[in-house]
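Asks: Residue numbers (our numbering): 30 to 196.
(1) Out of 95, 83, 87, state which residue places its alpha-carbon closest to the alpha-carbon of residue 157.
(2) Ordered along the chain, which non-local residues of its own chain (more than five positions away) have a Cβ less than 7 Å from that of residue 178?
(3) Considering only the alpha carbon of each residue, which of 144, 137, 188 lies closest to residue 90?
(4) Quick one: using the 10 Å Cβ neighbour count with 16 as the cut-off for buried, is residue 54 buried or exposed?
(5) What does the Cβ neighbour count give for residue 109, buried or exposed, with the cut at 16 atoms within 10 Å?
(6) Label residue 135 either buried or exposed according to how many other C-beta atoms from any shown protein chain fall within 10 Å of its C-beta, with 16 as the threshold for buried.
(7) Report, in whole angstroms, the separation of the C-beta atoms of residue 106 and residue 92, which I expect to be a contact under 8 Å.
(8) Among all the DSSP beta bridges, which residues are the ones paired with residue 166?
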């Protein structure tokens, strides 16, 4: 059988290399446009117009309260857009020394235990207020102060027995 291939005229470029060169250009063009767009975003910083100098929004969630003989332990979680530092703690409108574990600023989603050597009173209400380094305050109320139950074999046995009766 006869195969027909396009024959290039004398002095002209072959047909197949032109197609592969055009395909290569069409393949690399999107990457070049993407690189140009990323370069512009990094150099121009278009989001800088939205920075008005206002302090970051802070949020502090009280997740757990433990009352024991040593005082009040609070598990808190930071939810602000920037790291926050707990500077002061008030219990019933009086400033108290506290220990934060782990120490340092709390980033978004990080938790810390705040340990207060406060002599709480059984059956009374207590108000805890935390103040950050920017002056934002977060309040937590302990409606009725009772010791936090500690898990041990006796409590586990009584709960298992109650579950057997109910279930």
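Even for Gly, the Cβ is constructed at its ideal location relative to N, Cα and C. All of these numbers come straight from a predicted model, not from anything done at the bench.
Replies: With the structure as the only source:
(1) It is 95 whose Cα lies nearest to the Cα of residue 157.
(2) The beta carbon of residue 178 is closer than 7 Å to those of 184 in its chain, skipping five residues each way along the sequence.
(3) Closest option to residue 90, Cα to Cα, is 137.
(4) A residue is called buried when at least 16 other Cβ atoms come within 10 angstroms of its Cβ; residue 54 does not meet this threshold and is exposed.
(5) Burial of residue 109 is indicated by the presence of at least 16 other C-beta atoms within 10 angstroms of its C-beta.
(6) With 16 or more Cβ atoms within 10 Å of its Cβ, residue 135 is classed as buried.
(7) Beta-carbon to beta-carbon, residue 106 and residue 92 are separated by about 6 Å, close enough to satisfy the 8 Å threshold.
(8) For residue 166, which the question treats as bridged, DSSP gives the partners 160.
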